[in-house]
Structures are given as C-alpha cells and as structure tokens.
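One structure below.
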Amino acid sequence: MMPPSATTFLARSSSALLRHLSALPPPPPASLAFYALSSNATDLQPLVSHLSSLSKESIGCLSSPLPPSRHSAAPISCAIAYFPLAGCVGFRSEILGHRKAQVGRWHRPGADTRHAQQDMKSLEHALGDSSQKWGDLWGTNSGKAELELPDELQNAPDIHTLLYFTDDAPEGLIKSLNRGFPRATNLSLVGSSTPFITGRPFTLLRNSKTFSEGAVGIALTGAQASLTRETGFEGLSALSKALTVTSSQSNMVHTLDNANPSQMLVNLLNQKSAHGASAANIRKEDEYYLGLLRSEGDSNMWERVYRITSGNPSRGSLSIEGDSELPEGSRVQFLCRSADNVPVYSERLLSSKPSASLGIEMRYLTSLPDHASVPVTNDGVGDDGVTVIPNAFVASSENGFISGAQSESAHSWRCSIPGGWTSLKFA
C-alpha cells in the first residue's frame, strides 16, 4: 500500500494556481484526496471543481489564507494530501454541537418556545437527581450526540487517526469521537467563515456535495504510522511564574497556589502598569490566558492555552473558554497577548525542511481575520507565481483547530487563539 503524500501550493492568482494544478501528474491510483483551499481565491468554482475531481473520493473545505511569515506571504493557499483508499474511510457527520446565539435574525416564536421547553425539561431532570454531573446537563444540549457516530465509522476496523474539517459547533462530534475511539489521534481544522464568500456559514466539501454545517473527514485504519505531535504559540508573553491549580471544577478555576486567581491577575496587571505600561497601554482589547505547562523540565513550554473569559476578584474564580477543564495539580502561567502584537509565524511552519524520511506533516494554524489583506512579497515565488511546499499540508483558519492526543485520558482540545499552531508528522 502506498504511503500518504502531501503538498501545499501558494499562488498569486486563481488562474496561476489552476494552471499549476492542472499540469501536475495524476494522483496515485485508488487514493482519497484531502484538501484545503483558502477562501480568498477570486474564482473559487473552477478550483473547487478541479480539486473535487482529483480522485474517486475527496474531502475538502475552504480555509483562511496562510498568515504571513517573517519573510514571505502569498494570497492564495491550497494544501492537498492523498491517502490510500485501502487504509482510510471517508465520513460525513451531522452530529450537533452547542447552539450559537443568533443576533438580528427573526425566529418563529414556536421554535424558540420548543427550545425553551426542552432546556427546562433538561434542567428539571438534572436538578431532580443530585448525583447527575453538570457536564451531563450541558451534554443534553446535543441530544444523543454523545452516543452517536457518523454512519461510515460505525463498523470501521482499527481506527487509529481521525482527520476532519468541521463547522464552529464541533462539541457533539468531539464527544462522540472521544468515546468511540478513545485511543485515536485526531486533528481537525475548523473551517473559515464564508457567509460573504459562498453564502454559507462554512463551506465543507465531500466529492461533489457542499455542506454548510457539520463535518467531513477521514479515518485512517490498519497499521499505524509513527506519529509525532507538536504544538506552539506565537505572540504570547508570560505574566507570572508557574502556578499550581489547587481547586477547579469544569471550566472554572477557583484557586491557584491556594490563592484567589482573579485577584492574582489584577495584581499582575497593576505590577505591569507600575513597571512602565501606562493604563492606556493595558486595554480591553488585550487578551489574557492560562497556559498549561508541559512538565517540570519545560517551564516555558505550554501544552495548551485557554482564553480567560471572565473573573471576579471578590468571588475569586476565573472561567476559561469552552468545555475544557484544568485538573487540580496542573501547572499553569498567566499569559497575555497585546492587541498590537500581531503574531508572525516562523518560516519553518510555512516551508518544508529537507528530511531523510518519506513522511508527511499536517500543520494547522490559527490566523487573524485580517491576514487576507497582508501585502505579497516576491520571496520564494517561482516564475509561474506558485510556490510549492513539498511533504507538508499547511492550512489556516481564524476559527482555529482541534487536537487530540493518543490517550484515553487526554481529551480533544480546541485552540482558537491567534498565533496557535499544531503539527502532526507521519513517519
């Protein structure tokens, strides 16, 4: 069975990219095409048609333009990977996630009333049984999502890796995959928002069909390749020393080093101001995070980073974004990203390093919405206006990515923090 292959193309125009792709040799026989095309291409339809016809089975999405590196930028990106059909299963998911609040849109009263009645019944059911965990209550928002699996994965054998594209409500699918395949590695790109580009909130593609919600992806089966995972964050600065989570529940952190975490953050900001940062320079647009440290030996290496969404100095607790939980005993740091600090990714993330191995690398990056307007440079661009990054599938989204380790205890985590990136190497 052939090994997987991957290439990323950076182009200055849709026509140049299409000409380049059309001139490539045919893909390996009996393979599945997995692709991400940046949504800023001026003529999407011919490109999508070409990509969806590359092989008998294809999975794709519209992504963001790649963020700028320190040396180069390109306006259009297209990443393509091929996986042997004998070792993968394509799937489509309609499992629901958390309902998002919709502002400025008229709803039929009956629909909202039904949702309210359903939520009230869930609340009454949860409160009627004091032994029920709060996490189970939040899970009822997705109906049977925690128990469902996409049809194609119901009887798929020996799934060890899941690669997929999703909308911005992946919670139900994440829970299902965590339960159904607790030891599988998974990596997902949350699709770029495309309502003003294609008329769809997200643009997910499987073969000739286009979807506005849910997820599309592949499950790798059979003998497992050697996988190496790496995660990093650009543009963040540490505000504190390493601290220990001494009390937490769900996405609430109650104490750090047995002290009030909200007051601790206020004190750190006051110290920052006292050391030369004026009040005008500490703005509400700045963002603050808790970074989970990897180990005792890597005091400045963050395994995961969580956005702080609220805090109250009098009550003490901090809440972090999403359904994530920081277990007691975790070592964390307070982090900050200034609104003026636009993360710039290192060149190695947007290029390919020579390697003796024949493996490929999947790289997902979280970008800022305005990266599409970055001016183009001439560095590294070929005569036809297309730069080729071999052995790498590089894609970006302002909505972030989802990463899950190969462990029954390490659940998947979503990163939507600008400057965040992850890679998965297949050796």
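In our numbering, each residue's number is its place in the sequence shown (first place is 1) plus 1472. Cβ coordinates follow ideal geometry from the N, Cα and C atoms, glycine included.
- Below 8 Å, enough C-beta pairs join the region 1555-1562 and the region 1679-1694 to call them touching: three or more.
- Within the region 1648-1673, the beta strand (DSSP E) runs of at least 3 residues that lie entirely inside it are, in chain order, 1657-1662.
- With contacts defined by Cβ atoms closer than 8 Å, SER1720 and SER1869 do not form a contacting pair.
- For GLU1819, the closest of SER1503, LEU1538 and GLY1686 by C-alpha to C-alpha distance is LEU1538.
- Within the DSSP secondary-structure output, ARG1564 pairs in a beta bridge with VAL1688.
- Taking the Cα positions, ASP1795 is about 6 Å away from ASN1723.
- Rounded to the nearest whole angstrom, the CA to CA distance from ALA1513 to SER1521 is 13 Å.
- Using a 10 angstroms sphere on the CB of ALA1811, the tally of other CB atoms stays under 16, which defines it as exposed.
- For LEU1708, same chain residues with a beta-carbon under 6 Å away, outside a window of 5 residues either side, are LEU1807 and ARG1809 in chain order.
- Residue pairing from DSSP leaves THR1718 without any beta-bridge partner.
- Apart from the 5 residues on each side of it in sequence, ILE1631 sits with its Cβ closer than 6 Å to the Cβ of PHE1653, ALA1656, ALA1691 and THR1693 in its chain, given in chain order.
- For ILE1548, the secondary structure class from DSSP, reduced to helix, strand or coil, is strand.
- The residue from LEU1516, PRO1501 and SER1494 with its alpha-carbon nearest to that of SER1486 is LEU1516.
- Take ALA1714, set aside five residues on each side of it, and the residues of its chain with a beta-carbon closer than 8 Å to its own are LEU1765, SER1771, ARG1803, VAL1804 and GLN1805, in chain order.
- Excluding sequence positions up to five before and after ASN1658, its CB lies within less than 8 Å of the CB of THR1633, LEU1634, LEU1635, TYR1636, LEU1649, ILE1874, SER1875, GLY1876 and SER1884, all in the same chain and listed in chain order.
- Counting only residues of its own chain and dropping the five nearest sequence neighbours on each side, GLN1735 has a CB closer than 6 Å to the CB of PRO1785.
- A distance below 8 Å between beta-carbons, with the five flanking residues on each side excluded, links SER1782 to the following residues of its chain, in chain order: LEU1790 and SER1791.
- In terms of Cα proximity to LEU1493, the closest of SER1503, SER1565 and LEU1509 is LEU1509.
- Restricting attention to LEU1489, ARG1491 and GLY1532, the CA atom closest to the CA of LEU1504 is found in GLY1532.
- Considering only THR1716, ASN1739, LEU1741 and LEU1737, the residue with the shortest C-alpha distance to ASP1729 is THR1716.
- Close CB contacts of THR1638 within its chain, under the 6 Å cut and outside five residues either way in sequence, are with SER1660, VAL1662 and ALA1687 (chain order).
- Counting C-beta atoms within 10 angstroms of its own C-beta, GLY1801 has fewer than 16 neighbours from the protein chains shown and is therefore classed as exposed.
- Under the three-state reduction of DSSP output, GLU1819 falls in the helix class.
- Counting the other Cβ atoms within 10 Å of the Cβ of SER1895 gives 16 or more, which makes it buried.
- Residue TYR1817 holds the alpha-carbon nearest to the alpha-carbon of PHE1705 among TYR1817, ALA1495 and PHE1481.
- Note that the C-beta distance between PHE1898 and ALA1731 is not below 8 Å.
- Only exposed fits THR1700, as fewer than 16 other CB atoms lie within 10 angstroms of its CB.
- Annotated three-state conformation of SER1868 is strand, per DSSP.
- Rounded to the nearest whole angstrom, the C-alpha separation of PRO1501 and HIS1726 is 56 Å.
- One alpha carbon belongs to LEU1676, the other to PRO1475, and they sit about 25 Å apart.
- Counting along the chain, no alpha helix (DSSP H) covers ARG1809; the unbroken beta strand (DSSP E) around it starts and ends at 1803-1809.
- Under DSSP, the beta-bridge partners assigned to THR1479 are ILE1552 and PRO1862.
- Listed in chain order, the non-local C-beta contacts of GLY1891 below 6 Å within the same chain comprise PHE1705, GLU1706, GLY1707 and PRO1815, local neighbours out to five positions each way being set aside.
- Counting only residues of its own chain and dropping the five nearest sequence neighbours on each side, LEU1762 has a CB closer than 8 Å to the CB of VAL1725, VAL1777, TYR1778, ILE1780, LEU1790, ILE1792, LEU1798, VAL1804, GLN1805, PHE1806 and LEU1807.
- Here VAL1858 is buried: its Cβ has 16 or more other Cβ atoms, across all protein chains shown, within 10 Å.
- Taking all protein chains shown into account, ALA1478 has 16 or more neighbouring C-beta atoms within 10 Å of its C-beta and is therefore buried.
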